[in-house]
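Notes to accompany the following structure.
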Amino acid sequence: MKRVSFFMKTIRAFSTVRKSAWLVTLAVAVGGQFYPPLGLLVPLIMISLMGMSLFKGRYWCGNFCPHGSFFDFLLLPLSRNQKIPGLLASKITVVLFFVFFMFNLTRRFVAAFQNIEQVSLVDSVGTIFSTTYLMVLIAGGLLAVIISPRTWCQFCPMGSIQTLLYKLGKALGLTAGRDKKVTVNHQWLCHSCGKCARVCPMQLAPYREFTVSNNQFNDERCIRCLTCINNCPLRILSLADAAEAGTLIKETDLEGFQESDNYRGEIIRVKELKKNIREFTINLLDSKSMKLAPGQFILVEVDEKRGLYRAYSISSAGKEGTEIGITVKRLENGYGSNLLFEKFNEGALLKMKGPMGKELLIESKRDKLLFVANGIGITPFAYATKYLLEDNNSSKFAGEITLLYGVRHEEELIYDDLFSGLTIKHPNLHYYKALSRADSSSTKRGYVTDILKELEIDPFTTVYICGTKEMANRAMKILSEKGIPRKSVHYESITT
Ligand SMILES: Cc1cc2nc3c(=O)[nH]c(=O)nc-3n(C[C@H](O)[C@H](O)[C@H](O)COP(=O)(O)OP(=O)(O)OC[C@H]3O[C@@H](n4cnc5c(N)ncnc54)[C@H](O)[C@@H]3O)c2cc1C
Ligand code: SF4
Ligand code: SF4
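Numbering (my numbering), first residue to last: 18 to 513.
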């Protein structure tokens, strides 16, 4: 399988200004060559960005900059979207380019004043600015396509000016209450999935640098473009000032995360369940055990250099809590699942965090449980069903469990033997499967939600759904039509 790129393309223009500001770039850079006074828009832009940076850092770059709009909106689809070489983002490049740029600009201004009798000042100053704009359009545009859209922004002199003024603003106390930074509700909730870094135009890594004191990302290169916030799969990021960040920490619900700890483990078994689906059995090291509850998940480190983790539901567990199983589906363009399949063989050591999660924590005191899963969303229910019916020594589950499981083709079904076997031994387990695409006389054809529609459901049933968002939304609608209260329906998304 080909190497999966770390950086991802995604929508980066979230406002009309960001979708259309590139028109200003074209008007000034190209139009200015024919009508030089258009170049005089540039000093206005410079004054605006400098003023704003005193209060909000590089907010301008991410929200108003016409070149930024050109790079992010027009050129992103054409870009190779590669890693920006460290040299281009280094302090030495930033300083040298700033000096070169300012020297060049000053030299051209001096020449314009010396030429004042031949060319009007408006025309010559306009030409200086529009030519500079054109130069940035061409150089920045080429870098955007060949490397990454915001390569130019790493050493852009206007960016450097904003950073300097931002430092001044902070020293003068102008940023207080105005400087909104990327903030995580609470670091415990972050899965370290790295998506915020994978989509960041500036190639920053917020998830690795949230401050311990107030969960904020302080990197001065951050252009507050919202891309990470809009792409975090857990929706735990926002732009907040220091006071708002403090409130978020206090008010965030941490249920399901308090017991989490760091673990090391060794993979003792890798079982190929189906094509591209593997079960990894992990033995915990350092004489530690995990206090697990069915429905929870762990985070597994898949890329040590980047500190990148992936969440996997617990699909099996030894009674002592020292052996746990996760079941992973390899996604075609999945960065982490491919690393797991390539590098994590029997004997490999890995780092983990957990157990975590509250959405699918099964309330075993309820006497009617309904599990609805599609695709790889079945994994938490493999553990939960076995645990409730057989492994829970303190009290075997005596109520009714109904399990609905949908996949596309028969050969994608996993744990089918386990569920069928449990059904024979435990008449209180009712197992239905749906194949949406395959021909099979013995199995119900259609979606799992089709079975749900036909099912008679007691209004006191507690429902747990795991799988794709599309399925979950359909299922919740059906459940609501059947009069199941929303508070009795629990859902965990496993899509990123
Ligand atoms: C609580 C929880 C429990 C979970 N349990 C399980 C489980 O038991 N088993 C399991 O297999 N998974 C589970 N997941 C999902 C798992 O955490 C990962 O998200 C999954 O393995 C995919 O990770 P990845 O790094 O391979 O994919 P990613 O690289 O994160 O990709 C995710 C999606 O984006 C697409 N994509 C990737 N790169 C690009 C690109 N450059 N451009 C455009 N699109 C791209 C991929 O095709 C894929 O569809 C769970 C998730 C959560 C939140
Ligand atoms: S995108 Fe992933 S790593 Fe970044 S904050 Fe959200 S959960 Fe954490
Ligand atoms: S960290 Fe987030 S807000 Fe800052 S530049 Fe990157 S994507 Fe934009």
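We put the beta carbon where it would ideally sit given N, CA and C, even for glycine.
Paired residues, beta bridge with residue i - DSSP
i      : result
Cys483 : Ala390, Glu509
His447 : Thr419
Asn132 : In the DSSP output, where bridge partners are listed per residue, Asn132 has none listed.
Phe17  : Absent from the structure is residue 17, since the part of the chain shown begins at 18 and ends at 513.
Ser282 : The amino acid occupying residue 282 in the given sequence is Gly; Ser does not appear at that position. Gly282 pairs with Leu301, Leu367.
Ser255 : Thr200
Leu452 : Val424, Arg462
Lys385 : Glu417
Met373 : Phe314
Rounded separation between residue i and residue j - CA only
i      : j      : result
Ile441 : Gly463 : 24 Å
Lys184 : Ile178 : 10 Å
Arg327 : Leu378 : 19 Å
Met488 : Arg252 : 20 Å
Ile468 : Leu206 : 34 Å
Ser453 : Thr485 : 14 Å
Phe118 : Phe274 : 51 Å
Asp320 : Cys82  : 34 Å
Tyr337 : Ile299 : The sequence as given places Glu at residue 337; Tyr does not occur at that position. Roughly 13 Å between the two C-alpha positions.
Asn247 : Gly49  : 36 Å
Ala188 : Thr123 : 29 Å
Ala492 : Phe388 : 11 Å
Phe90  : Arg97  : 14 Å
Ile109 : Gly374 : 45 Å
Ser230 : Lys450 : 49 Å
Phe126 : Thr244 : 38 Å
Arg281 : Ala334 : 16 Å
Arg20  : Gly85  : 29 Å
Leu301 : Thr419 : 32 Å
Lys36  : Phe88  : 11 Å
Ser505 : Pro218 : 41 Å
Arg286 : Ile343 : 11 Å
Ala30  : Ala38  : 10 Å
Asp408 : Glu498 : 35 Å
Asn490 : Ala390 : 12 Å
Phe436 : Asn355 : 28 Å
Thr42  : Trp77  : 15 Å
Leu191 : Met67  : 13 Å
Gln313 : Ala193 : 40 Å
Glu272 : Leu151 : 54 Å
Asn121 : Thr149 : 10 Å
Gly324 : Cys210 : 9 Å
Tyr404 : Leu309 : 11 Å
Distance between beta carbons of residue j and residue i, contact taken as under 8 Å
i      : j      : result
Gly371 : Met307 : 7 Å
Glu296 : Leu290 : 5 Å
Lys212 : Cys249 : 6 Å
Tyr10  : Pro476 : Since the displayed the chain opens at 18 and closes at 513, residue 10 lies outside it and no answer follows.
His443 : Leu406 : 5 Å
Ala132 : Arg241 : Ala is not the amino acid found at residue 132; the sequence shown has Asn there. That pair is no contact at about 41 Å.
Pro54  : Val139 : 6 Å
Cys483 : Gly394 : 4 Å
Phe358 : Arg347 : 5 Å
Met63  : Val216 : Not a contact, Cβ separation roughly 29 Å.
Lys385 : Glu417 : 5 Å
Val201 : Asn235 : Their Cβ separation, rounded to whole angstroms, is 12 Å, which puts Val201 and Asn235 out of contact at 8 Å.
Lys197 : Leu256 : 4 Å
Arg195 : Phe72  : 4 Å
Gln171 : Ala106 : 4 Å
Glu237 : Thr180 : 5 Å
His507 : Glu376 : 5 Å
Thr479 : Arg383 : 4 Å
Ile315 : Met369 : 5 Å
Ser147 : Val45  : 5 Å
Near ligand 5: residue i beta-carbon under 7 Å from a heavy atom
i      : result
Phe234 : This structure lacks ligand 5; the ligands present are ligand 1, ligand 2 and ligand 3.
key: Any alpha helix (DSSP H) of 4 or more consecutive residues that is wholly inside the segment 40-78   = Along the segment 40-78, the alpha helix (DSSP H) occurs as fully enclosed runs of 4 or more residues at 58-73, listed in sequence order.
request  = Mind listing, in chain order, the continuous beta strand (DSSP E) runs of no fewer than 3 residues lying wholly within the segment 305-370?
outcome  = For the segment 305-370, whole beta strand (DSSP E) runs of length 3 or above, ordered along the chain, are 314-320, 325-334, 340-346.
task = Would you list, in sequence order, the uninterrupted alpha helix (DSSP H) runs of no fewer than 4 residues that lie entirely inside the segment 175-248?
result = DSSP assignment within the segment 175-248 yields the following whole alpha helix (DSSP H) runs of 4 residues or more, N-terminal first: 212-216, 244-248.
message = Give the list of continuous alpha helix (DSSP H) stretches no shorter than 4 residues that lie fully inside the segment 89-141.
response = If you keep only unbroken alpha helix (DSSP H) runs of at least 4 residues inside the segment 89-141, you get 108-131.
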